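To start, the structure under review is shown below, and the notes come after it.
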Amino acid sequence: MSARTARDPRSSARPARARNGGGGWAPLLLSAALLGAWELYADASGVEEDLLPAPHAVAAALWNNGGLVWHNFTVTAEQVVLGLALALVCGFALAVAMHLFPLLRRAVYPLAVGSQAVPIPVIGVLLVFWWGFGLFPKLVVIALICFFPVVVTTVDGLAAVDPEQPKLLRTLDASRWQAFRFAELPAALPAALSGARIALAVGVIGAFIAETSTPTSEAYSGLGREIITDAGGFQTARAYAATAVLFAFAIACFYGLALAERKLVPWKIRARGETT
0 MSARTARDPR SSARPARARN GGGGWAPLLL SAALLGAWEL YADASGVEED LLPAPHAVAA
60 ALWNNGGLVW HNFTVTAEQV VLGLALALVC GFALAVAMHL FPLLRRAVYP LAVGSQAVPI
120 PVIGVLLVFW WGFGLFPKLV VIALICFFPV VVTTVDGLAA VDPEQPKLLR TLDASRWQAF
180 RFAELPAALP AALSGARIAL AVGVIGAFIA ETSTPTSEAY SGLGREIITD AGGFQTARAY
240 AATAVLFAFA IACFYGLALA ERKLVPWKIR ARGETT
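Just so we're aligned, residue 0 is where the sequence shown starts under numbering that gives the first Met the number 0, counting upward by one.
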């Protein structure tokens, strides 16, 4: 019995490896099945290619227009990275201020919620009027879209800290800043990073919205502008190709930040029992 018990840790680790390692094939198989169904439907239904191109036509458009798509992808990727950085800095700073000053939280929180209902095209022209046709108006749009999940998750994480920890530090003559730094901030970091992952996922579509809702002086200035221009010019396969690049970029960003999270908050990963 003791020998079998000694082998139990290895046997109990197998389901975890099966869940995580084996699960890596699941999205690939599902994607292949969906692409196959899409191909069959596009070929058998008689739908016009200008309305729904088949996957092979999308792949051909991506191959034949790789230079154009890559150029616009680099523009969009830069906007996503910088816009997300702006959202993280502003959202985290606002969340900390709301946590430290309850009156500020009561005053600002409803406005932060309401900001998510403001249609971006309404303020897009105004942002360009203030800051011109350059990069900054688009970064503001992305930050407006991304900062809310950062604020909410960070505020909730800070509020969920065990109250005994700051009390213990204060009994050790720690200052308010030291209590925040050594107790509240580390405890809230996992929640803040979860908010950052959500913000990063929506930041890609935020870049699309920013590119299409703020006037620009260029025909192509990012994948968002390219998709709109191609769709309006009956270059549907190329529009789908650019959309596929956006889709893949959002997935890569999300899981890239998840890998970084394992380095920044390893205790959260161990608590969840994840192995990959």
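For every residue, glycine included, the Cβ atom is placed at its ideal position computed from N, Cα and C.
Remember, it's a predicted structure, so these values are computed and weren't measured experimentally.
- Of all alpha-carbon atoms in L256, G35 and F100, the one lying nearest the alpha-carbon of L199 is that of L256.
- One alpha carbon belongs to R261, the other to L192, and they sit about 10 angstroms apart.
- With a threshold of 16 other beta carbon atoms within 10 Å, V46 falls short and is exposed.
- In this structure, the CA atom of W129 is about 10 angstroms from the CA atom of F135.
- Ranking A238, L222, V203 and G231 by CA distance to the CA of C252 puts V203 first.
- For F100 and V139, the gap between their C-alpha atoms comes out near 25 angstroms.
- When secondary structure is reduced to three states using DSSP, F132 falls in the coil class, being assigned neither helix nor strand.
- In this structure, the straight-line span from the alpha carbon of G231 to that of R104 is close to 45 angstroms.
- Taking a 10 Å sphere around the C-beta of F233, we find fewer than 16 other C-beta atoms and assign the residue as exposed.
- Sequence-distant Cβ neighbours of A240 in its own chain, meaning closer than 8 angstroms and more than five residues away, are V57, A58, A60, L61, N64 and V68.
- When secondary structure is reduced to three states using DSSP, L93 falls in the helix class.
- Rounded to the nearest whole angstrom, the C-alpha separation of V74 and L93 is 28 angstroms.
- Around the Cβ of L102, a 10 Å sphere holds fewer than 16 other Cβ atoms; the residue is exposed.
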